[in-house]
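Participant: Have a look at the structure that comes next, please.
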Amino acid sequence: MKDNSVPPRRSTDISVEDYQWNLREFVSSESEAIRKKNRDFFQKHTDPEKLLKDENYGYIPEVIKYSTRQRIVVQSQVPSDPGSKDEVDVPDEYGIYKNSEVLVRPVKEEGGRREVGSTQEAIVSNVSSVYIDLSLHNLGSSPNELRETISEFDHADFLEVGALLNHVPLERKKKGVKALDEKYCEILTGEREVSFGSSVLSNSSQKDSELYQNSSQRKGIEKALSAVDIACFQGPPGTGKTRVITELVRRNVEAGNRVLVTAEANRAVDNILFGNSSADDIRETCLHYYSNNGELQVARANPDASSHPLVSYYYDAGATGGEEVVLATNNSAGDLDRTPLGKQWFDVAIIDEATQATQPSAAVPMSLASTTILVGDHKQLGPSINSDLSNLDDEVAESRTSPFSLLYGENGLYGDDLGVMFDVQYRMHEDITRFPNQEFYAGKLKNGADKETLDDISPLLIRHVDGQEKRQGTSRYNEEEIEDVISYVKQLLEYTTASPSDIGIACAYRAQANELQGRINSIEIKNKNNIAVSTFDGFQGSERAVMILSFTVSNADDDLGFLSKGQASRRLNVALTRAQQHVALFGDWMMLRTDPNGRFERLFQIAASHGKIVNLQNASEVV
Numbered sequence: 008m009k010d011n012s013v014p015p016r017r018s019t020d021i022s023v024e025d026y027q028w029n030l031r032e033f034v035s036s037e038s039e040a041i042r043k044k045n046r047d048f049f050q051k052h053t054d055p056e057k058l059l060k061d062e063n064y065g066y067i068p069e070v071i072k073y074s075t076r077q078r079i080v081v082q083s084q085v086p087s088d089p090g091s092k093d094e095v096d097v098p099d100e101y102g103i104y105k106n107s108e109v110l111v112r113p114v115k116e117e118g119g120r121r122e123v124g125s126t127q128e129a130i131v132s133n134v135s136s137v138y139i140d141l142s143l144h145n146l147g148s149s150p151n152e153l154r155e156t157i158s159e160f161d162h163a164d165f166l167e168v169g170a171l172l173n174h175v176p177l178e179r180k181k182k183g184v185k186a187l188d189e190k191y192c193e194i195l196t197g198e199r200e201v202s203f204g205s206s207v208l209s210n211s212s213q214k215d216s217e218l219y220q221n222s223s224q225r226k227g228i229e230k231a232l233s234a235v236d237i238a239c240f241q242g243p244p245g246t247g248k249t250r251v252i253t254e255l256v257r258r259n260v261e262a263g264n265r266v267l268v269t270a271e272a273n274r275a276v277d278n279i280l281f282g283n284s285s286a287d288d289i290r291e292t293c294l295h296y297y298s299n300n301g302e303l304q305v306a307r308a309n310p311d312a313s314s315h316p317l318v319s320y321y322y323d324a325g326a327t328g329g330e331e332v333v334l335a336t337n338n339s340a341g342d343l344d345r346t347p348l349g350k351q352w353f354d355v356a357i358i359d360e361a362t363q364a365t366q367p368s369a370a371v372p373m374s375l376a377s378t379t380i381l382v383g384d385h386k387q388l389g390p391s392i393n394s395d396l397s398n399l400d401d402e403v404a405e406s407r408t409s410p411f412s413l414l415y416g417e418n419g420l421y422g423d424d425l426g427v428m429f430d431v432q433y434r435m436h437e438d439i440t441r442f443p444n445q446e447f448y449a450g451k452l453k454n455g456a457d458k459e460t461l462d463d464i465s466p467l468l469i470r471h472v473d474g475q476e477k478r479q480g481t482s483r484y485n486e487e488e489i490e491d492v493i494s495y496v497k498q499l500l501e502y503t504t505a506s507p508s509d510i511g512i513a514c515a516y517r518a519q520a521n522e523l524q525g526r527i528n529s530i531e532i533k534n535k536n537n538i539a540v541s542t543f544d545g546f547q548g549s550e551r552a553v554m555i556l557s558f559t560v561s562n563a564d565d566d567l568g569f570l571s572k573g574q575a576s577r578r579l580n581v582a583l584t585r586a587q588q589h590v591a592l593f594g595d596w597m598m599l600r601t602d603p604n605g606r607f608e609r610l611f612q613i614a615a616s617h618g619k620i621v622n623l624q625n626a627s628e629v630v
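As structure tokens, then:
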């Protein structure tokens, strides 16, 4: 293929050395921010129930101390759940590993009262199944403080342990940044032309012929296969980007390339591997199909981290070093052994949902390959930063921007010339597509096929709820809205052909999702566990025939919270575009329409013209 290149539209005016320093400094700041967040959380809460409620926090409520060694190492055992026949596995159950930094607190219980002692920092010096050794490395600045702390531990009934910092993911990022090829650094600072002209396009043949009938998909495939350095393709919701990834992998392998496929989260990795396949129905659009029929040699790195039922059955061996295709999260790719094929273990790295990865995170897979394909959509969610990094220097703070958003699109260093946007969506009914298309994609999305409605119900429904939010820490929930959502779920299941597995409930706030999940669990509905309940963010990358959105907010101050701040527009885009046939939007629409950005008012007007707007008093208007 003829060699072409794309020049940068602008430069960041940062040297390669300063760029890498900024990335390293970002990771170091991330470490300190995580420590502060976890320390504050652990010290704020002395009630085990509150510590256990946060699914993302590693907390062991009871550790039995059975000996000390050299007075500073506590050898302990975590008791198993009395109702379980299996021993607890500390790393698997609690996410606490060898060399992790933890917080330790002695606990005494007497007469129904629970007293906690002072919190100490420790290092997990060893962990094996139920046994954990804690090296208490900061036991006071004076001999008296040291004696008092040891005495507290000696007289405690048991200890409780909370996560402070897991070094492993951060060290992988630092290693990736250090190993990042200079050409990538020059591209990511806008100091180098990006080359196209790879022979992969001419040395491979079309596999999935339907993809080439769609002009934007054909152009995207050709762009990616001709990339020498880096390329992007933007996949708005329902435009078939996962199917295109499968095609790119097959053609690269045919051309003799070894391929690394990654994403930020395990769920996204497994979606590339299996798509919507089940044990009885393996779809031709997923990588597993071609692994199963022998066309590709595929490995899933770190399979124990996956919750997908088919991973343990087909891919429990992990990556052994000889596979043509390896799938991993961005971070776990840092554990892949590069030595068998030299410095660059892979010819091509394909990073899916690349808009969710910070630059240090993406550096891990990028450092392992000579060519990188970034797949994502900068109109959906960006990187999730769970800790406060507000005090960072501006140049360092830029490291949190995804490489996709940095390089591609209207504000990217290389603009739209670095990639292709897929412009035909196949997921949603056209009335569901209407608002996101106008609001986020400048009207460029086309509908690929007529999508049937759900039993003649309007695809787009707004339901106004008169409720009152309540606070749960920094989160919110709304009991009236919860009851109305539950009522609507029951109506859908009773009066339409929708099944529980067709329904997803996306909530603006985690507390609302937790409360709704509890209500779903308590009602008598057959196969109720198949109803998916999560936050707006939690649904990215998935789809359901029916989506119910619960906006939650309703207060006298017209405080919309993050529904009008930060990534508000991207969250709304994600939540709205999960639905195939029907989306119902529950909320205080009198308040939502006060949004200073006017976004909810525009959504309301589209629903008024192309959907249905109802109050809850007359449910028969809908189903």
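Using the working numbering, read the sequence shown as starting at 8 and increasing by one per residue. The C-beta atom is built at its ideal place from N, Cα and C for all residues, glycine as well. A quick note: this is a predicted structure, and the numbers were derived from the prediction, not measured.
Taking the alpha-carbon positions, what's the Phe-546 to Glu-360 distance?
Facilitator: Position 539 of the sequence shown, counted from the first residue, corresponds to residue 546. Position 353 of the sequence shown, counted from the first residue, corresponds to residue 360. Straight-line Cα distance between these residues: approximately 13 Å.
Participant: Span of the beta strand (DSSP E) holding Gly-301?
Facilitator: The residue labelled residue 301 in the question sits at position 294 within the sequence shown. First-last for Gly-301: undefined, no H or E at that position.
Participant: DSSP state of Gln-612, grouped into three classes?
Facilitator: In the sequence shown, the residue the question calls residue 612 occupies position 605. The answer is helix: DSSP assigns Gln-612 an H, G or I state.
Participant: Would you tell me roughly how many angstroms separate the C-alpha atoms of Ser-206 and Gln-304, rounded to the nearest one?
Facilitator: The residue given as residue 206 occupies position 199 in the sequence shown. The residue given as residue 304 occupies position 297 in the sequence shown. Taking the straight line joining both Cα atoms gives about 22 Å.
Participant: In its own chain, which residues sit with a C-beta less than 8 Å from the C-beta of Ile-21, not counting the 5 before and 5 after it?
Facilitator: Reading the sequence shown from its first residue, position 14 is the one you call residue 21. Result list for Ile-21: Asn-29, Thr-196 and Glu-402, in chain order.
Participant: Measure the C-alpha to C-alpha separation of Leu-348 and Pro-316 and round it to an integer number of angstroms.
Facilitator: Along the sequence shown, one-based indexing puts residue 348 at 341. Along the sequence shown, one-based indexing puts residue 316 at 309. Low local confidence applies: a pLDDT of 46 at Leu-348 is under 50, so the model's placement there is unreliable, with the coordinate-based value given in what follows. Rounded to whole angstroms, Leu-348 to Pro-316 spans 32 Å at the Cα level.
Participant: Looking only at its chain, what residues have a beta carbon closer than 8 Å to the beta carbon of Asn-418, apart from the 5 residues adjacent to it on each side?
Facilitator: Position 411 of the sequence shown, counted from the start, is the residue given in the question as residue 418. Only Ser-412 meet the Cβ criterion.
Participant: Using the DSSP secondary-structure output, state which residues sit across from His-589 in a beta bridge.
Facilitator: Working through the sequence shown from its first residue, we reach residue 589 at position 582. Per DSSP, Val-553.
Participant: Which residue's Cα is closest to the Cα of Val-80: Leu-375, Glu-62, Asn-133 and Trp-596?
Facilitator: One-based indexing of the sequence shown puts residue 80 at position 73. Here the closest residue by C-alpha is Asn-133.
Participant: Tell me whether Ser-541 sits in a helix, a strand or coil according to DSSP, three-state version.
Facilitator: Looking up residue 541 in the sequence shown gives position 534. Strand at Ser-541.
Participant: Out of Pro-367, Pro-55 and Arg-250, which one is the CA nearest neighbour of Tyr-191?
Facilitator: Position 184 of the sequence shown, counting from 1, holds the residue named residue 191. When only C-alpha atoms are compared, the closest one is Pro-367.
Participant: DSSP beta-bridge partners for His-471?
Facilitator: Within the sequence shown, the letter at position 464 stands for residue 471. Per DSSP, the beta bridge partners of His-471 are Gly-594 and Asn-622.
Participant: In this structure, does DSSP put Asn-444 in helix, strand or coil?
Facilitator: On the sequence shown, position 437 is the one that residue 444 refers to. The DSSP-derived three-state label of Asn-444 is helix.
Participant: For Ala-286, does the count of other Cβ atoms within 10 angstroms reach 16, so buried, or fall short, so exposed?
Facilitator: Residue 286 sits at position 279 when you count from the first residue of the sequence shown. Under this definition Ala-286 is an exposed residue.
Participant: When DSSP labels each residue in this structure, what does Val-23 get in the three-state scheme?
Facilitator: If you number the sequence shown from 1, residue 23 lands on position 16. Of the three classes helix, strand and coil, the one that applies to Val-23 here is helix, per DSSP.
Participant: Is Ser-627 helix, strand or coil when you go by DSSP?
Facilitator: Position 620 of the sequence shown, counting from 1, holds the residue named residue 627. With a pLDDT of 43 at Ser-627, under the threshold of 50, the predicted position of this residue should be treated as unreliable, and no value is reported.
Participant: Spell out the partners DSSP gives Ser-12 in its beta bridges.
Facilitator: Counted from its first residue, the sequence shown places residue 12 at position 5. Note: Ser-12 sits in a beta bridge opposite Ser-202.
Participant: Given a threshold of 16 other Cβ atoms within 10 Å of its Cβ, counted over all protein chains shown, does Asn-173 qualify as buried or as exposed?
Facilitator: Counting from one through the sequence shown, the residue named residue 173 turns up at place 166. With 16 or more other Cβ atoms within 10 Å, it is buried.
Participant: DSSP state of Tyr-101, grouped into three classes?
Facilitator: Working through the sequence shown from its first residue, we reach residue 101 at position 94. If DSSP states are grouped into helix, strand and coil, Tyr-101 belongs with the helices.
Participant: Could you tell me the boundaries of the alpha helix (DSSP H) in which Asp-401 lies?
Facilitator: Reading the sequence shown from its first residue, position 394 is the one you call residue 401. Note, Asp-401: alpha helix (DSSP H), 401–404.
Participant: Measure the C-alpha to C-alpha separation of Arg-585 and Thr-504 and round it to an integer number of angstroms.
Facilitator: On the sequence shown, residue 585 is found 578 positions in, with the first residue counted as 1. On the sequence shown, residue 504 is found 497 positions in, with the first residue counted as 1. Linking Arg-585 to Thr-504 through their CA atoms gives a straight-line distance of about 19 Å.
Participant: Using the beta-carbon count (16 or more within 10 Å), is Gln-387 buried or exposed?
Facilitator: As a first step, residue 387 must be located in the sequence shown, where it is residue number 380. Classification for Gln-387: buried.
Participant: Which runs of the alpha helix (DSSP H) spanning at least 4 residues fall entirely within the segment 472–506, listed in chain order?
Facilitator: 486–502
Participant: What does the alpha-carbon distance come out to for the pair Tyr-415 and Thr-362?
Facilitator: Taking the first residue of the sequence shown as 1, we reach residue 415 at position 408. Taking the first residue of the sequence shown as 1, we reach residue 362 at position 355. Roughly 10 Å separates the two Cα atoms.
Participant: Keeping to the same chain, check which residues put their C-beta closer than 8 Å to that of Lys-535; ignore five residues upstream and five downstream.
Facilitator: Here residue 535 refers to the residue found at position 528 of the sequence shown. So the list reads Pro-507, Ile-527 and Asn-528, once near-sequence residues are dropped.
Participant: Would you give the residue range spanned by the alpha helix (DSSP H) that Glu-122 belongs to?
Facilitator: Here residue 122 refers to the residue found at position 115 of the sequence shown. No alpha helix (DSSP H) contains Glu-122, which is instead part of the beta strand (DSSP E) from 120–123.
Participant: Give the single residue among Ala-520, Glu-229, Ile-289 and Asp-311 whose Cα lies nearest to the Cα of Ser-11.
Facilitator: Start at 1 with the first residue of the sequence shown, and residue 11 comes out as number 4. The question names Ser, yet the displayed sequence has Asn at residue 11. Per the Cα distances, Glu-229.
Participant: Compute the Euclidean distance between the alpha carbons of Ala-186 and Pro-176, then round it to the nearest angstrom.
Facilitator: Taking the sequence shown and counting its residues from 1, the one referred to as residue 186 is at position 179. Taking the sequence shown and counting its residues from 1, the one referred to as residue 176 is at position 169. Rounded to the nearest angstrom, the two C-alpha atoms are 16 Å apart.
Participant: Is the separation between the beta-carbon of Leu-218 and that of Glu-261 shorter than 7 Å?
Facilitator: Here the question's residue 218 lines up with position 211 in the sequence shown. Here the question's residue 261 lines up with position 254 in the sequence shown. No, Cβ-Cβ distance for Leu-218 and Glu-261 is not below 7 Å.
Participant: Tell me the residue span of the alpha helix (DSSP H) that contains Arg-250.
Facilitator: For this step, residue 250 is matched to residue 243 along the sequence shown. Under the DSSP assignment, Arg-250 falls in the alpha helix (DSSP H) whose first and last residues are 248–261.
Participant: Mapping DSSP to helix, strand and coil, what is Lys-185?
Facilitator: Here residue 185 refers to the residue found at position 178 when the sequence shown is read from its first residue. Helix, per DSSP.
Participant: Who are the Cβ neighbours of Leu-171 in its own chain at under 7 Å, not counting the five residues just before and after it?
Facilitator: Position 164 of the sequence shown, counted from the first residue, corresponds to residue 171. If you ignore the 5 residues before and after Leu-171, its C-beta comes within less than 7 Å of the C-beta of Arg-42, Asn-45, Arg-46, Glu-108, Val-109, Leu-110 and Glu-128, all in its own chain and listed in chain order.
Participant: Using 8 Å for Cβ pairs, my map puts Gly-242 next to Phe-429. What's the rounded Cβ distance?
Facilitator: In the sequence shown, counting from the first residue as 1, residue 242 sits at position 235. In the sequence shown, counting from the first residue as 1, residue 429 sits at position 422. Going by Cβ atoms, the distance from Gly-242 to Phe-429 rounds to 5 Å, so yes, they are a contact pair.
Participant: By the 10 Å Cβ neighbour count, where 16 or more other Cβ atoms means buried, how is Phe-569 classified, buried or exposed?
Facilitator: Position 562 of the sequence shown holds residue 569. Exposed.
Participant: To the nearest angstrom, how far is the alpha carbon of Lys-60 from that of Gly-124?
Facilitator: Walking along the sequence shown from the start, residue 60 turns up at place 53. Walking along the sequence shown from the start, residue 124 turns up at place 117. So the two alpha carbons sit approximately 22 Å from each other.
Participant: Whole angstroms is fine: what's the gap from His-617's alpha carbon to Tyr-421's?
Facilitator: For the purposes of this step, residue 617 is taken as the residue at position 610 of the sequence shown. For the purposes of this step, residue 421 is taken as the residue at position 414 of the sequence shown. About 38 Å.
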